[in-house]
Amino acid sequence: MKTKLSLILAMLMLASAALTACSDAGTDNTDASGDTTVTDTPSADEETEAETDALDARAAIPDDLPEMNFDGRNFIILGSEPGCTQYITVEELNGEIVNDAVFQRNLTIEERYGATISHFIPGATGADYGVTSSTVRNAVTAGDSDSFHLISYHVVEAGSIAVQGYLMNWYEIPYINFEKPWWSDSNVDDLSMNNHCFLAVGDAALTSVASTYCNFYDKDAAKDYGIEGLYETVRDGKWTVDYQTEIVQQVATDKNGDGQMTADDYFGLASSPYSAVNTYLWAFDNQVFVKNDEGVLEFSYYNERLVGIFDKVYSLFKDTNGVWAPTGQGHGVGNDQFKNYGSLFLNSTISYAISLADFEHDYGIIPYPKYDEAQPEYKTMVDGGHEAMGIALSAADLDFIGVMTEVMCAESYKQVLPAYYDVALKQRYASSPEDAEMIELCVASRVFDLGYVYDNWKGVSFYLESLISNSGTKDITSHYQKNQKAATKYYEKVTKAFYPEG
942 MKTKLSLILA
952 MLMLASAALT
962 ACSDAGTDNT
972 DASGDTTVTD
982 TPSADEETEA
992 ETDALDARAA
1002 IPDDLPEMNF
1012 DGRNFIILGS
1022 EPGCTQYITV
1032 EELNGEIVND
1042 AVFQRNLTIE
1052 ERYGATISHF
1062 IPGATGADYG
1072 VTSSTVRNAV
1082 TAGDSDSFHL
1092 ISYHVVEAGS
1102 IAVQGYLMNW
1112 YEIPYINFEK
1122 PWWSDSNVDD
1132 LSMNNHCFLA
1142 VGDAALTSVA
1152 STYCNFYDKD
1162 AAKDYGIEGL
1172 YETVRDGKWT
1182 VDYQTEIVQQ
1192 VATDKNGDGQ
1202 MTADDYFGLA
1212 SSPYSAVNTY
1222 LWAFDNQVFV
1232 KNDEGVLEFS
1242 YYNERLVGIF
1252 DKVYSLFKDT
1262 NGVWAPTGQG
1272 HGVGNDQFKN
1282 YGSLFLNSTI
1292 SYAISLADFE
1302 HDYGIIPYPK
1312 YDEAQPEYKT
1322 MVDGGHEAMG
1332 IALSAADLDF
1342 IGVMTEVMCA
1352 ESYKQVLPAY
1362 YDVALKQRYA
1372 SSPEDAEMIE
1382 LCVASRVFDL
1392 GYVYDNWKGV
1402 SFYLESLISN
1412 SGTKDITSHY
1422 QKNQKAATKY
1432 YEKVTKAFYP
1442 EG
(Lines of atoms letter the chains of each structure in order from A and count residues from 1; the text may use other names and numbers.)
(Lines give C-alpha, C1' and ligand atoms only; values in the text may rest on other atoms or scores of the structure.)
Protein backbone atom coordinates (compact mmCIF):
# COMPACT_ATOMS: atom_id res chain seq x y z
CA MET A 1 0.00 0.00 0.00
CA LYS A 2 1.13 3.53 -0.62
CA THR A 3 2.10 5.68 2.32
CA LYS A 4 -1.01 7.86 2.25
CA LEU A 5 -3.37 4.88 2.10
CA SER A 6 -1.49 3.17 4.93
CA LEU A 7 -1.91 6.29 7.05
CA ILE A 8 -5.65 6.40 6.37
CA LEU A 9 -6.14 2.72 7.12
CA ALA A 10 -4.12 3.05 10.31
CA MET A 11 -6.55 5.74 11.48
CA LEU A 12 -9.50 3.51 10.69
CA MET A 13 -7.99 0.50 12.45
CA LEU A 14 -7.41 2.67 15.50
CA ALA A 15 -11.08 3.60 15.55
CA SER A 16 -12.06 -0.02 14.88
CA ALA A 17 -9.98 -1.29 17.77
CA ALA A 18 -11.52 1.27 20.09
CA LEU A 19 -15.02 0.31 18.98
CA THR A 20 -14.24 -3.38 19.50
CA ALA A 21 -13.03 -2.63 23.00
CA CYS A 22 -16.29 -0.81 23.65
CA SER A 23 -18.37 -3.70 22.35
CA ASP A 24 -16.47 -6.24 24.51
CA ALA A 25 -16.81 -4.13 27.63
CA GLY A 26 -19.58 -4.75 30.14
CA THR A 27 -19.53 -8.55 29.71
CA ASP A 28 -18.85 -11.24 32.29
CA ASN A 29 -15.44 -12.92 32.12
CA THR A 30 -14.62 -16.07 34.05
CA ASP A 31 -10.98 -16.64 35.05
CA ALA A 32 -9.19 -19.98 35.60
CA SER A 33 -10.38 -20.24 39.19
CA GLY A 34 -14.00 -19.96 38.14
CA ASP A 35 -14.42 -16.48 39.61
CA THR A 36 -16.34 -14.03 37.51
CA THR A 37 -15.18 -10.48 36.90
CA VAL A 38 -17.21 -7.70 35.37
CA THR A 39 -15.70 -5.18 32.99
CA ASP A 40 -16.94 -1.63 33.35
CA THR A 41 -19.42 -0.55 30.70
CA PRO A 42 -18.09 2.45 28.74
CA SER A 43 -19.96 5.69 28.96
CA ALA A 44 -21.64 7.29 25.97
CA ASP A 45 -18.85 9.86 25.93
CA GLU A 46 -16.21 7.12 25.66
CA GLU A 47 -18.04 5.49 22.77
CA THR A 48 -18.33 8.82 20.94
CA GLU A 49 -14.62 9.40 21.46
CA ALA A 50 -13.82 5.99 19.96
CA GLU A 51 -15.98 6.68 16.93
CA THR A 52 -14.26 9.97 16.17
CA ASP A 53 -10.63 8.84 16.52
CA ALA A 54 -10.19 8.58 12.74
CA LEU A 55 -11.70 12.03 12.19
CA ASP A 56 -9.51 13.56 14.87
CA ALA A 57 -6.45 11.97 13.28
CA ARG A 58 -7.30 13.57 9.94
CA ALA A 59 -7.76 16.96 11.55
CA ALA A 60 -4.44 16.68 13.38
CA ILE A 61 -2.30 16.44 10.22
CA PRO A 62 -0.47 19.79 9.90
CA ASP A 63 -0.63 21.69 6.64
CA ASP A 64 2.71 23.43 7.36
CA LEU A 65 1.44 26.71 5.92
CA PRO A 66 2.60 30.11 7.19
CA GLU A 67 0.28 32.51 8.93
CA MET A 68 -0.67 35.43 6.68
CA ASN A 69 -3.40 38.04 6.41
CA PHE A 70 -4.82 38.67 2.94
CA ASP A 71 -6.96 41.59 4.14
CA GLY A 72 -10.30 40.44 2.74
CA ARG A 73 -8.99 39.49 -0.68
CA ASN A 74 -11.28 37.30 -2.82
CA PHE A 75 -9.87 33.98 -4.09
CA ILE A 76 -11.69 33.31 -7.38
CA ILE A 77 -11.98 29.84 -8.90
CA LEU A 78 -12.88 29.50 -12.58
CA GLY A 79 -15.15 26.55 -13.37
CA SER A 80 -17.40 25.26 -16.12
CA GLU A 81 -20.65 24.02 -14.59
CA PRO A 82 -22.56 24.02 -11.31
CA GLY A 83 -21.79 20.32 -10.81
CA CYS A 84 -18.10 21.15 -10.54
CA THR A 85 -18.51 24.20 -8.34
CA GLN A 86 -21.25 23.23 -5.88
CA TYR A 87 -18.62 22.38 -3.27
CA ILE A 88 -16.70 25.65 -3.57
CA THR A 89 -19.13 28.07 -1.95
CA VAL A 90 -22.50 27.86 -0.22
CA GLU A 91 -24.70 30.70 0.92
CA GLU A 92 -25.52 29.62 4.46
CA LEU A 93 -25.85 26.76 6.91
CA ASN A 94 -28.94 24.71 6.11
CA GLY A 95 -28.56 21.49 8.08
CA GLU A 96 -27.33 19.41 5.14
CA ILE A 97 -24.11 17.65 6.10
CA VAL A 98 -21.95 18.48 3.06
CA ASN A 99 -23.34 22.00 2.62
CA ASP A 100 -22.53 22.82 6.23
CA ALA A 101 -19.06 21.27 5.98
CA VAL A 102 -18.27 23.46 2.95
CA PHE A 103 -19.57 26.50 4.81
CA GLN A 104 -17.42 25.66 7.85
CA ARG A 105 -14.34 24.99 5.70
CA ASN A 106 -14.62 28.40 4.06
CA LEU A 107 -15.24 30.06 7.40
CA THR A 108 -12.14 28.36 8.84
CA ILE A 109 -10.04 29.68 5.95
CA GLU A 110 -11.53 33.17 6.16
CA GLU A 111 -10.86 33.40 9.89
CA ARG A 112 -7.30 32.16 9.46
CA TYR A 113 -6.25 34.11 6.37
CA GLY A 114 -8.75 36.94 6.01
CA ALA A 115 -9.67 35.81 2.49
CA THR A 116 -13.01 34.89 0.95
CA ILE A 117 -13.65 32.22 -1.69
CA SER A 118 -15.85 32.53 -4.76
CA HIS A 119 -16.28 30.91 -8.16
CA PHE A 120 -16.87 32.16 -11.68
CA ILE A 121 -18.60 30.20 -14.47
CA PRO A 122 -18.43 31.80 -17.94
CA GLY A 123 -20.90 31.15 -20.70
CA ALA A 124 -24.67 31.46 -20.99
CA THR A 125 -25.45 27.88 -19.97
CA GLY A 126 -22.69 27.48 -17.42
CA ALA A 127 -21.82 24.05 -18.76
CA ASP A 128 -19.79 24.69 -21.90
CA TYR A 129 -16.26 23.43 -21.29
CA GLY A 130 -15.08 25.14 -24.48
CA VAL A 131 -16.14 28.55 -23.17
CA THR A 132 -14.10 27.99 -20.02
CA SER A 133 -11.07 27.01 -22.11
CA SER A 134 -11.53 30.12 -24.25
CA THR A 135 -11.70 32.23 -21.10
CA VAL A 136 -8.32 30.89 -20.01
CA ARG A 137 -6.74 31.42 -23.42
CA ASN A 138 -8.08 34.99 -23.61
CA ALA A 139 -6.84 35.80 -20.11
CA VAL A 140 -3.33 34.56 -20.88
CA THR A 141 -3.23 36.43 -24.20
CA ALA A 142 -4.34 39.65 -22.50
CA GLY A 143 -2.07 39.20 -19.48
CA ASP A 144 -5.12 39.16 -17.19
CA SER A 145 -4.18 38.05 -13.67
CA ASP A 146 -7.18 39.41 -11.74
CA SER A 147 -10.31 37.77 -13.19
CA PHE A 148 -9.57 34.42 -11.52
CA HIS A 149 -6.78 32.67 -9.63
CA LEU A 150 -7.39 28.93 -9.87
CA ILE A 151 -8.93 26.89 -12.70
CA SER A 152 -10.93 23.79 -11.78
CA TYR A 153 -13.02 22.04 -14.43
CA HIS A 154 -13.47 19.05 -16.80
CA VAL A 155 -10.19 17.13 -16.72
CA VAL A 156 -10.00 16.03 -20.36
CA GLU A 157 -10.96 19.49 -21.65
CA ALA A 158 -8.48 21.12 -19.27
CA GLY A 159 -5.82 18.83 -20.67
CA SER A 160 -6.26 20.42 -24.08
CA ILE A 161 -5.30 23.92 -22.91
CA ALA A 162 -2.42 22.51 -20.90
CA VAL A 163 -0.95 20.94 -24.04
CA GLN A 164 -1.42 24.27 -25.83
CA GLY A 165 0.81 25.94 -23.24
CA TYR A 166 -1.67 28.06 -21.29
CA LEU A 167 -1.05 26.65 -17.79
CA MET A 168 1.73 27.09 -15.26
CA ASN A 169 3.87 24.33 -13.80
CA TRP A 170 2.60 23.32 -10.36
CA TYR A 171 6.18 22.78 -9.19
CA GLU A 172 6.71 26.52 -9.48
CA ILE A 173 3.82 27.37 -7.14
CA PRO A 174 4.95 28.03 -3.54
CA TYR A 175 3.42 26.18 -0.59
CA ILE A 176 2.03 23.33 -2.71
CA ASN A 177 3.03 20.00 -1.12
CA PHE A 178 2.06 16.94 -3.16
CA GLU A 179 3.27 14.71 -0.31
CA LYS A 180 0.30 15.66 1.84
CA PRO A 181 -2.69 13.29 1.91
CA TRP A 182 -5.06 15.86 0.41
CA TRP A 183 -3.24 15.53 -2.92
CA SER A 184 -3.54 12.43 -5.11
CA ASP A 185 -0.41 10.29 -5.41
CA SER A 186 -0.99 10.43 -9.17
CA ASN A 187 0.12 14.06 -9.22
CA VAL A 188 3.66 12.76 -8.77
CA ASP A 189 3.37 9.19 -10.02
CA ASP A 190 1.43 9.81 -13.23
CA LEU A 191 0.85 13.49 -14.04
CA SER A 192 4.41 14.73 -13.60
CA MET A 193 7.12 14.43 -16.20
CA ASN A 194 10.48 16.18 -16.35
CA ASN A 195 9.57 17.98 -13.12
CA HIS A 196 6.54 19.50 -14.84
CA CYS A 197 2.91 19.13 -13.79
CA PHE A 198 0.21 21.28 -15.37
CA LEU A 199 -2.95 19.68 -13.97
CA ALA A 200 -3.23 18.55 -10.36
CA VAL A 201 -5.85 16.68 -8.36
CA GLY A 202 -6.52 17.73 -4.79
CA ASP A 203 -9.39 17.36 -2.36
CA ALA A 204 -10.69 20.88 -2.94
CA ALA A 205 -11.87 19.45 -6.27
CA LEU A 206 -14.41 17.20 -4.59
CA THR A 207 -15.76 15.81 -7.87
CA SER A 208 -12.41 14.01 -8.25
CA VAL A 209 -13.57 11.96 -5.26
CA ALA A 210 -17.29 11.89 -6.03
CA SER A 211 -16.66 10.67 -9.61
CA THR A 212 -14.45 7.77 -8.53
CA TYR A 213 -15.60 4.48 -10.04
CA CYS A 214 -16.38 1.66 -7.63
CA ASN A 215 -18.60 -1.38 -7.17
CA PHE A 216 -21.74 -1.10 -5.10
CA TYR A 217 -23.21 -4.32 -3.84
CA ASP A 218 -26.52 -5.14 -2.19
CA LYS A 219 -25.55 -6.63 1.19
CA ASP A 220 -29.02 -7.98 1.89
CA ALA A 221 -29.26 -9.72 -1.47
CA ALA A 222 -25.72 -11.07 -1.14
CA LYS A 223 -26.66 -12.67 2.16
CA ASP A 224 -29.76 -14.24 0.59
CA TYR A 225 -27.56 -15.80 -2.10
CA GLY A 226 -25.05 -17.07 0.45
CA ILE A 227 -22.36 -14.62 -0.67
CA GLU A 228 -20.61 -13.33 2.42
CA GLY A 229 -17.26 -11.89 3.43
CA LEU A 230 -16.72 -9.66 0.39
CA TYR A 231 -14.86 -7.09 2.46
CA GLU A 232 -12.50 -9.84 3.64
CA THR A 233 -12.14 -11.04 0.04
CA VAL A 234 -11.06 -7.53 -0.94
CA ARG A 235 -8.56 -7.35 1.94
CA ASP A 236 -7.10 -10.73 0.99
CA GLY A 237 -6.49 -9.53 -2.58
CA LYS A 238 -8.88 -12.15 -3.98
CA TRP A 239 -11.50 -9.81 -5.41
CA THR A 240 -10.84 -10.54 -9.12
CA VAL A 241 -12.87 -10.27 -12.29
CA ASP A 242 -13.02 -14.05 -12.55
CA TYR A 243 -14.55 -14.28 -9.09
CA GLN A 244 -17.00 -11.51 -9.87
CA THR A 245 -17.98 -13.20 -13.14
CA GLU A 246 -18.59 -16.43 -11.23
CA ILE A 247 -20.93 -14.64 -8.81
CA VAL A 248 -22.69 -12.79 -11.64
CA GLN A 249 -23.49 -16.06 -13.36
CA GLN A 250 -24.57 -17.63 -10.08
CA VAL A 251 -27.20 -15.06 -9.13
CA ALA A 252 -28.61 -14.06 -12.54
CA THR A 253 -32.28 -15.10 -12.58
CA ASP A 254 -34.89 -15.11 -15.33
CA LYS A 255 -37.64 -14.14 -12.91
CA ASN A 256 -40.56 -14.30 -15.34
CA GLY A 257 -39.32 -17.42 -17.09
CA ASP A 258 -39.65 -16.04 -20.61
CA GLY A 259 -36.19 -17.17 -21.64
CA GLN A 260 -34.88 -13.61 -22.04
CA MET A 261 -33.01 -11.38 -19.64
CA THR A 262 -34.73 -7.99 -19.49
CA ALA A 263 -34.94 -5.17 -16.97
CA ASP A 264 -37.67 -7.11 -15.15
CA ASP A 265 -35.22 -9.91 -14.29
CA TYR A 266 -32.42 -10.11 -11.72
CA PHE A 267 -28.81 -9.53 -12.78
CA GLY A 268 -25.49 -10.16 -11.15
CA LEU A 269 -24.09 -6.84 -12.39
CA ALA A 270 -25.61 -3.61 -13.68
CA SER A 271 -23.45 -1.04 -15.40
CA SER A 272 -23.30 1.90 -17.73
CA PRO A 273 -21.97 0.53 -21.04
CA TYR A 274 -19.67 3.53 -21.44
CA SER A 275 -17.15 4.98 -18.97
CA ALA A 276 -17.93 2.31 -16.39
CA VAL A 277 -16.72 -0.27 -18.92
CA ASN A 278 -13.71 1.83 -19.86
CA THR A 279 -12.65 1.85 -16.20
CA TYR A 280 -11.57 -1.80 -16.39
CA LEU A 281 -8.47 -0.75 -18.32
CA TRP A 282 -7.10 1.05 -15.25
CA ALA A 283 -8.68 -1.33 -12.73
CA PHE A 284 -6.67 -4.08 -14.41
CA ASP A 285 -3.47 -2.04 -14.08
CA ASN A 286 -2.79 -1.28 -17.73
CA GLN A 287 -2.16 2.44 -17.98
CA VAL A 288 -1.53 4.35 -21.18
CA PHE A 289 1.65 5.84 -19.69
CA VAL A 290 3.74 4.55 -16.77
CA LYS A 291 7.00 5.67 -15.24
CA ASN A 292 10.02 3.46 -15.78
CA ASP A 293 12.79 2.86 -13.23
CA GLU A 294 14.45 6.12 -14.28
CA GLY A 295 11.29 8.10 -13.56
CA VAL A 296 10.57 8.73 -17.24
CA LEU A 297 7.03 8.28 -18.53
CA GLU A 298 6.73 5.64 -21.23
CA PHE A 299 3.86 4.73 -23.54
CA SER A 300 2.77 1.33 -22.27
CA TYR A 301 -0.74 0.82 -23.58
CA TYR A 302 -0.47 -2.03 -26.08
CA ASN A 303 0.90 -5.32 -24.78
CA GLU A 304 -0.08 -8.93 -24.18
CA ARG A 305 -1.94 -8.01 -21.00
CA LEU A 306 -4.14 -5.57 -22.92
CA VAL A 307 -5.34 -8.39 -25.17
CA GLY A 308 -6.18 -10.42 -22.07
CA ILE A 309 -8.06 -7.46 -20.61
CA PHE A 310 -10.22 -7.16 -23.69
CA ASP A 311 -10.93 -10.89 -23.54
CA LYS A 312 -11.99 -10.78 -19.90
CA VAL A 313 -14.16 -7.67 -20.21
CA TYR A 314 -15.75 -8.95 -23.40
CA SER A 315 -16.47 -12.27 -21.72
CA LEU A 316 -18.11 -10.53 -18.75
CA PHE A 317 -20.27 -8.13 -20.77
CA LYS A 318 -21.00 -10.13 -23.90
CA ASP A 319 -20.75 -13.82 -23.00
CA THR A 320 -22.43 -13.62 -19.59
CA ASN A 321 -26.21 -13.29 -19.49
CA GLY A 322 -26.05 -11.89 -15.98
CA VAL A 323 -24.90 -8.36 -16.91
CA TRP A 324 -27.33 -5.52 -17.57
CA ALA A 325 -25.61 -2.80 -19.61
CA PRO A 326 -27.77 -1.99 -22.66
CA THR A 327 -26.50 0.71 -25.01
CA GLY A 328 -28.62 3.62 -26.18
CA GLN A 329 -30.39 4.13 -22.85
CA GLY A 330 -28.11 6.70 -21.25
CA HIS A 331 -25.35 6.60 -18.68
CA GLY A 332 -27.72 5.94 -15.78
CA VAL A 333 -29.24 2.69 -17.04
CA GLY A 334 -27.19 0.55 -14.64
CA ASN A 335 -27.91 2.83 -11.70
CA ASP A 336 -31.64 2.49 -12.18
CA GLN A 337 -31.46 -1.30 -12.36
CA PHE A 338 -29.58 -1.51 -9.05
CA LYS A 339 -31.75 1.07 -7.31
CA ASN A 340 -34.85 -0.93 -8.30
CA TYR A 341 -33.37 -4.02 -6.60
CA GLY A 342 -32.64 -5.61 -9.97
CA SER A 343 -28.95 -6.47 -9.58
CA LEU A 344 -26.45 -7.61 -6.96
CA PHE A 345 -23.54 -5.44 -8.14
CA LEU A 346 -23.36 -2.02 -9.77
CA ASN A 347 -20.51 -0.32 -11.59
CA SER A 348 -20.89 3.38 -10.81
CA THR A 349 -19.24 6.36 -9.15
CA ILE A 350 -19.21 7.07 -5.44
CA SER A 351 -21.49 10.07 -6.09
CA TYR A 352 -24.36 7.71 -6.90
CA ALA A 353 -24.57 6.77 -3.22
CA ILE A 354 -26.30 10.10 -2.64
CA SER A 355 -29.19 8.81 -4.78
CA LEU A 356 -29.54 5.72 -2.58
CA ALA A 357 -30.89 7.57 0.43
CA ASP A 358 -34.21 5.75 0.09
CA PHE A 359 -32.67 2.39 -0.86
CA GLU A 360 -34.13 0.04 1.73
CA HIS A 361 -31.39 -2.58 1.57
CA ASP A 362 -27.99 -2.18 3.16
CA TYR A 363 -25.24 -1.69 0.58
CA GLY A 364 -21.46 -1.79 0.51
CA ILE A 365 -18.90 0.02 -1.63
CA ILE A 366 -15.86 -1.93 -2.81
CA PRO A 367 -13.19 -1.39 -5.48
CA TYR A 368 -13.42 -2.65 -9.02
CA PRO A 369 -12.02 -6.19 -9.13
CA LYS A 370 -8.40 -6.89 -10.04
CA TYR A 371 -7.32 -8.65 -13.24
CA ASP A 372 -6.04 -11.57 -11.16
CA GLU A 373 -4.65 -12.25 -7.70
CA ALA A 374 -1.11 -11.54 -8.92
CA GLN A 375 -2.01 -7.88 -9.50
CA PRO A 376 -0.41 -6.02 -6.58
CA GLU A 377 -3.06 -3.39 -5.87
CA TYR A 378 -6.64 -2.44 -6.61
CA LYS A 379 -6.92 0.40 -9.10
CA THR A 380 -9.68 2.58 -10.44
CA MET A 381 -10.18 5.74 -12.44
CA VAL A 382 -12.34 8.83 -12.14
CA ASP A 383 -14.99 9.78 -14.67
CA GLY A 384 -13.72 12.32 -17.19
CA GLY A 385 -16.20 14.98 -16.10
CA HIS A 386 -14.36 15.54 -12.81
CA GLU A 387 -12.34 18.62 -11.96
CA ALA A 388 -8.62 19.00 -12.42
CA MET A 389 -6.89 22.11 -11.15
CA GLY A 390 -4.58 24.40 -13.05
CA ILE A 391 -3.18 27.92 -12.92
CA ALA A 392 -3.22 30.22 -15.94
CA LEU A 393 0.14 31.30 -17.31
CA SER A 394 -0.81 34.93 -16.68
CA ALA A 395 -1.39 34.42 -12.95
CA ALA A 396 0.36 36.71 -10.48
CA ASP A 397 0.88 36.72 -6.69
CA LEU A 398 1.71 33.03 -6.55
CA ASP A 399 2.10 33.12 -2.75
CA PHE A 400 -1.59 33.98 -2.44
CA ILE A 401 -2.59 31.29 -4.93
CA GLY A 402 -0.35 28.66 -3.38
CA VAL A 403 -1.50 29.23 0.20
CA MET A 404 -5.19 29.40 -0.68
CA THR A 405 -5.09 26.31 -2.89
CA GLU A 406 -3.18 24.27 -0.33
CA VAL A 407 -5.36 25.28 2.61
CA MET A 408 -8.53 24.61 0.60
CA CYS A 409 -7.32 21.09 -0.17
CA ALA A 410 -6.23 20.52 3.42
CA GLU A 411 -9.47 21.70 4.99
CA SER A 412 -11.48 19.80 2.41
CA TYR A 413 -9.63 16.64 3.44
CA LYS A 414 -10.28 17.35 7.09
CA GLN A 415 -13.83 18.69 7.01
CA VAL A 416 -15.62 18.16 3.69
CA LEU A 417 -14.54 14.66 2.68
CA PRO A 418 -15.61 12.99 5.96
CA ALA A 419 -18.97 14.74 5.61
CA TYR A 420 -19.30 13.54 2.04
CA TYR A 421 -18.39 9.98 3.03
CA ASP A 422 -20.91 10.19 5.85
CA VAL A 423 -23.70 10.93 3.37
CA ALA A 424 -22.47 8.32 0.89
CA LEU A 425 -22.42 5.66 3.62
CA LYS A 426 -25.75 6.71 5.14
CA GLN A 427 -24.06 8.51 8.03
CA ARG A 428 -21.92 5.62 9.26
CA TYR A 429 -18.43 6.79 8.28
CA ALA A 430 -17.22 7.31 11.84
CA SER A 431 -19.23 4.48 13.39
CA SER A 432 -18.49 1.75 10.80
CA PRO A 433 -14.74 1.45 10.21
CA GLU A 434 -15.22 -1.45 7.77
CA ASP A 435 -17.41 0.59 5.43
CA ALA A 436 -15.12 3.60 5.83
CA GLU A 437 -12.09 1.46 5.05
CA MET A 438 -13.58 0.32 1.74
CA ILE A 439 -14.60 3.77 0.50
CA GLU A 440 -11.18 5.15 1.48
CA LEU A 441 -9.55 2.26 -0.40
CA CYS A 442 -11.49 3.15 -3.55
CA VAL A 443 -10.45 6.80 -3.34
CA ALA A 444 -6.82 5.97 -2.56
CA SER A 445 -6.64 3.62 -5.56
CA ARG A 446 -7.50 6.32 -8.11
CA VAL A 447 -5.21 6.57 -11.12
CA PHE A 448 -5.01 9.82 -13.08
CA ASP A 449 -3.19 8.48 -16.12
CA LEU A 450 -1.40 11.14 -18.16
CA GLY A 451 -2.53 9.31 -21.28
CA TYR A 452 -6.18 9.77 -20.27
CA VAL A 453 -6.02 13.21 -18.71
CA TYR A 454 -4.35 14.58 -21.84
CA ASP A 455 -6.21 12.32 -24.29
CA ASN A 456 -8.45 15.09 -25.65
CA TRP A 457 -10.41 12.31 -27.39
CA LYS A 458 -7.48 11.85 -29.78
CA GLY A 459 -5.48 9.10 -28.07
CA VAL A 460 -6.13 5.47 -27.12
CA SER A 461 -7.90 5.89 -23.78
CA PHE A 462 -11.43 5.20 -25.02
CA TYR A 463 -10.77 2.10 -27.14
CA LEU A 464 -12.13 -0.35 -24.55
CA GLU A 465 -15.43 1.48 -24.21
CA SER A 466 -15.73 2.08 -27.94
CA LEU A 467 -15.04 -1.48 -29.06
CA ILE A 468 -16.93 -3.50 -26.48
CA SER A 469 -19.91 -1.21 -25.93
CA ASN A 470 -20.36 0.19 -29.42
CA SER A 471 -19.02 -2.29 -31.95
CA GLY A 472 -19.22 -5.36 -29.75
CA THR A 473 -15.80 -6.68 -30.73
CA LYS A 474 -12.76 -7.63 -28.72
CA ASP A 475 -10.27 -7.37 -31.58
CA ILE A 476 -8.13 -4.69 -30.04
CA THR A 477 -5.06 -5.67 -32.03
CA SER A 478 -6.40 -4.75 -35.48
CA HIS A 479 -8.07 -1.62 -34.11
CA TYR A 480 -4.84 -0.47 -32.48
CA GLN A 481 -2.77 -1.16 -35.58
CA LYS A 482 -5.22 0.87 -37.66
CA ASN A 483 -5.13 3.90 -35.33
CA GLN A 484 -1.64 3.68 -33.86
CA LYS A 485 0.00 6.24 -36.13
CA ALA A 486 -2.47 9.05 -35.39
CA ALA A 487 -2.49 8.34 -31.64
CA THR A 488 1.29 8.26 -31.45
CA LYS A 489 1.56 11.56 -33.31
CA TYR A 490 -0.87 13.16 -30.88
CA TYR A 491 0.95 11.89 -27.79
CA GLU A 492 4.17 13.34 -29.17
CA LYS A 493 2.52 16.76 -28.89
CA VAL A 494 1.54 15.96 -25.30
CA THR A 495 5.03 14.95 -24.22
CA LYS A 496 6.53 17.96 -25.97
CA ALA A 497 4.62 20.21 -23.54
CA PHE A 498 6.56 18.59 -20.68
CA TYR A 499 9.90 19.05 -22.41
CA PRO A 500 9.83 22.73 -23.52
CA GLU A 501 13.61 22.72 -23.83
CA GLY A 502 13.31 20.14 -26.59
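Heads up, this note's numbering is the position in the sequence shown plus 941, with the first residue counted as 1. We put the beta carbon where it would ideally sit given N, CA and C, even for glycine.
One or two residues paired with K1426 in a DSSP bridge: Answer by DSSP bridge pairing: none, since K1426 is not bridged.
Burial state of D1130 (16 or more Cβ within 10 Å): buried
The ligand GDP heavy atom lying under 7 Å from the CB of P1441: In terms of ligand content, the structure shown is empty, and the ligand GDP therefore cannot be addressed.
Environment of A1336 [buried if 16+ CB atoms lie within 10 Å]: buried
Contact set for K1355: own chain, Cβ-Cβ below 6 Å, skip 5 residues either direction: R999 and A1000
Boundaries of the alpha helix (DSSP H) in which M1345 is found, first to last residue: L1339 to E1352
Which residues DSSP lists as bridging Y1158, in chain order: In the DSSP output, where bridge partners are listed per residue, Y1158 has F1286 and G1305.
N-terminal and C-terminal residue of the beta strand (DSSP E) that M1330 is part of: E1328 to G1331
Paired residues, beta bridge with I1092 - DSSP: L1019 and G1331
Beta-carbon proximity of L1140 to V1348, cut-off 8 Å: In this structure, V1348 does not lie closer than 8 Å to L1140 by Cβ.
Integer Cβ distance of L1285 from Y1158, believed to fall under 8 Å: 6 Å
Straight-line gap, V1344 to V1077 (C-alpha atoms, nearest Å): The straight-line gap separating the alpha-carbon atoms of V1344 and V1077 is approximately 21 Å.
Check whether G1400 and Q1228 have beta carbons under 8 Å apart: Taking 8 Å as the Cβ cut-off, G1400 and Q1228 do not qualify as a contacting pair.
Residue interval of the beta strand (DSSP E) (run including G1167): Careful: G1167 lies outside any beta strand (DSSP E) and carries neither H nor E.
Which residues DSSP lists as bridging T1153, in chain order: V1323
Cβ contact (3+ pairs, closer than 8 Å) linking the region 1069-1084 and the region 1295-1315: Not touching, per the Cβ criterion.
Rounded C-alpha distance that separates N1219 from I1002: Approximately 35 Å between the Cα atoms of the pair.
First through last residue of the alpha helix (DSSP H) which encompasses A1146: Here A1146 belongs to no alpha helix (DSSP H), and DSSP marks it neither H nor E.
Cβ separation of L1210 and N1288, assumed to be a contact under 8 Å, to the nearest whole Å: About 7 Å; that satisfies the 8 Å criterion.
Range of the contiguous beta strand (DSSP E) that encloses K1232: F1230 to K1232
Short CB-CB distance (under 8 Å) between S1075 and chain C: Absent from the structure is chain C; it holds one protein chain and no more.
Beta-carbon spacing of S1292, S1152 below 8 Å: In this structure, S1152 lies closer than 8 Å to S1292 by Cβ.
Residue interval of the alpha helix (DSSP H) (run including L1358): L1358 to A1365
Cβ contact (3+ pairs, closer than 8 Å) linking the region 1038-1050 and the region 1074-1091: The count of Cβ pairs closer than 8 Å, one atom from the region 1038-1050 and one from the region 1074-1091, stays below three, leaving the stretches out of contact.
Sequence-distant residues of the same chain with beta carbon closer than 6 Å to W1124, five excluded per side: G1143
Host alpha helix (DSSP H) of I1250 (start-end): Here the alpha helix (DSSP H) through I1250 covers E1245 to K1259.
Where the alpha helix (DSSP H) containing G1209 begins and where it ends: That residue, G1209, is in no alpha helix (DSSP H); its beta strand (DSSP E) goes F1208 to S1212.
Whole-angstrom distance between G1263 and L1247, CA atom to CA atom: 24 Å
Strand pairing of H1060, partner residues [DSSP]: H1060 pairs with I1018.
Backbone CA spacing between L1257 and F1279 [nearest angstrom]: 18 Å
Contacts around W1265, its chain only, beta-carbon distance under 8 Å, and the 5 residues preceding and following it disregarded: Annotation for W1265: M1202, A1204, F1208, L1210, A1211, S1212, V1274, G1275, Q1278, G1283 and S1284 place their beta carbon closer than 8 Å to its own, counting only its chain and skipping 5 residues before and after.
Per DSSP, the bridge partner or partners of L1108: Paired residues: A1333.
Nearest-angstrom Cα separation, counted from V1435 out to S1407: 22 Å
DSSP three-state assignment for W1223, whether helix, strand or coil: helix
Simplified DSSP assignment, three categories, for F1439: helix
For E1239, the three-state DSSP class (helix, strand or coil): strand
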